[in-house]
Structure formats: structure tokens, C-alpha cells
Amino acid sequence: MNNDKKLIIAIDGFSSCGKSTVAKDLAKKLNYIYIDSGAMYRAVTLFSLKNNIINEQTIDEKKLQSLLNNIKISFKYNTKTGEAETFLNGNNVEDEIRNIEVSENVSPISKIKFVRENLVKQQQELGKNKAIVMDGRDIGTTVFPKADLKIFMTADVDVRAKRRHKELSDKGLNVSIEEIRNNIKNRDNHDQNREISPLKRADDALILDNGYLTKEEQLAWILDKIEL
Numbered sequence: 020m021n022n023d024k025k026l027i028i029a030i031d032g033f034s035s036c037g038k039s040t041v042a043k044d045l046a047k048k049l050n051y052i053y054i055d056s057g058a059m060y061r062a063v064t065l066f067s068l069k070n071n072i073i074n075e076q077t078i079d080e081k082k083l084q085s086l087l088n089n090i091k092i093s094f095k096y097n098t099k100t101g102e103a104e105t106f107l108n109g110n111n112v113e114d115e116i117r118n119i120e121v122s123e124n125v126s127p128i129s130k131i132k133f134v135r136e137n138l139v140k141q142q143q144e145l146g147k148n149k150a151i152v153m154d155g156r157d158i159g160t161t162v163f164p165k166a167d168l169k170i171f172m173t174a175d176v177d178v179r180a181k182r183r184h185k186e187l188s189d190k191g192l193n194v195s196i197e198e199i200r201n202n203i204k205n206r207d208n209h210d211q212n213r214e215i216s217p218l219k220r221a222d223d224a225l226i227l228d229n230g231y232l233t234k235e236e237q238l239a240w241i242l243d244k245i246e247l
């Protein structure tokens, strides 16, 4: 594969595998647009929590469907941090969508058919001009089945839990590593067994087990596949 043309690069995989980190680094390296599809589902989950659509893990799907068109998700580049941040109806929610309450509820929200259909259409629209890197659970299978390069990331559960614990601790959030480990296991189960667009590796996706690779090594591995 060469870089003579603009590409769509799809990065799928399990939660807390560092998909977003490597996707952001890759997009910067290629001067591509980075789209965090998982953040979009997290934003819908946050909206649902704030609007009493989720109550004790019960989802009022009728209410959510009636309000879905009121959910406007966008990404803005922060020149100070060098990161794309998630906005929900004009408000920066980048930190809020990463908290444990959202993490515990995002998988049930993401398997609702009308939610996925709505967000997949938005994602496909964002990719019309190519030159994008998008990460998620079903990018290479459902959103962009004809993506130019597909990567499927995986890592041991304990490795992922430690990474997530450090990420939350760095943000000042006090969550036990055992709680995080259980959350990851539950999300893996939800993601792999949902009826709509379950998490699975596309037949033509390259597997990247990054359990013991640095960020730099992961980026180099993918760039080697593009043959810059």
C-alpha cells in the first residue's frame, strides 16, 4: 500500500486498547482528519444520562428516539493541547464522556439499532472526502467496509485495565483498578455479543497486539503497512 492517494484508515478493537491514541498520532503524522467514533456514542450516552433517558441502567428508547435529532456532535481541534475534542450541543464534553458512569452505560446505548444507524450515517458523511483515520468497534466492518487499511487492535485485559486506571488517575478520578477491569470485561462481552454490528475483526484487517508496545512502536508498525 502506498500513500499516493488519500486513504480511509479504519482502526477497530477492544476497549482501552489505545485505539484513540494511535489513531490521533497517525492522523497527525499523515495530516489527516481524526474521528473518534467511540466519543460519539459516549456523547449520546452522556446526553441520555443527563436527560433521564437512562435510569438505573434502564433505557427509555422511545424518549431517546424522539430526542435523537436534538443531539449534535462535533469535533474541534484544540490548538493548545493539539487534540480534537468532543462537543455535545456546543459544549465541550471531552472529560465528561470519559468518566466511569458513561463507560458503564455506553455499550447498551451503542447496540440500539436506531442510534447506530444515525451515527453511522454521520460517520460515513465525514469520510466522503477520505484522508481520515477513524477508530471504533465496527469501522472496518460496517462504517467503511471498503476502507483502504484496516487495523484490529487487541491487548490483555489486565494491561488494558492498568492503562485505563492511569488515564483516569491522571485526570484526578479515583476509581479502583478492579472496578475498571470488571467494566472492561463487561464491555467486551456487550460489544462482541450485541445483535447490531458486533465487535469482530474484518477478514482483511491486520491484527495489532499492542500489549507491550510503546506508542512510538505502534505508530511505526502501522506506518510500515502504509509504506510511506
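Each residue of the sequence shown is one higher than the one before, counting from 20 in this note's numbering. Cβ coordinates follow ideal geometry from the N, Cα and C atoms, glycine included.
By the three-class DSSP mapping on this structure, what secondary structure does residue i have?
i	result
Phe163	coil
Phe33	coil
Leu192	coil
Leu107	strand
Glu75	coil
Asn22	Reliability of the predicted coordinates at Asn22 is poor, the pLDDT of 49 falling under 50, and the value obtained from them is presented with this limitation in mind. If DSSP states are grouped into helix, strand and coil, Asn22 belongs with coil.
Glu80	helix
Return the residue from the list the options that minimises the CA-CA distance to residue i.
i	options	result
Val178	Ile54, Leu232, Thr40, Leu83	Leu232
Ser93	Glu102, Lys99, Asn108	Asn108
Val63	Thr105, Val194, Asn205	Thr105
Lys169	Ile226, Glu214, Glu115	Ile226
Ile116	Leu65, Ser126, Gln211, Ser35	Leu65
Ala103	Thr40, Gln141, Lys149, Ser85	Thr40
Ala221	Asn212, Lys204, Lys165	Lys165
Under a CB-based cut-off of 7 Å, is residue i close to chain D?
i	result
Val121	Absent from the structure is chain D; it holds one protein chain and no more.
Name the two residues that bound the continuous alpha helix (DSSP H) containing residue i.
i	result
Glu236	234 to 245
Ile92	Segment 92 to 97 is the beta strand (DSSP E) holding Ile92; no alpha helix (DSSP H) there.
Provide the residue(s) that pair with residue i in DSSP beta bridges, ordered along the chain.
i	result
Leu168	Ile28
Thr64	The partner list for Thr64 (beta bridge, DSSP) is empty, contrary to what the question assumes.
Gly155	Asp31
Asp210	Asp210 is not bridged to any residue.
Tyr53	Val152
What residue range is occupied by the uninterrupted beta strand (DSSP E) comprising residue i?
i	result
Ile225	The question names Ile, but residue 225 is Leu in the sequence shown. Taken as a continuous stretch (DSSP letters only), the beta strand (DSSP E) holding Leu225 covers 225 to 228.
Am I right that residue i and residue j are in contact with their C-beta atoms under 8 Å? What's the rounded C-beta distance?
i	j	result
Ile27	Asp243	That belief does not hold up - the Cβ atoms of Ile27 and Asp243 are roughly 19 Å apart, past 8 Å.
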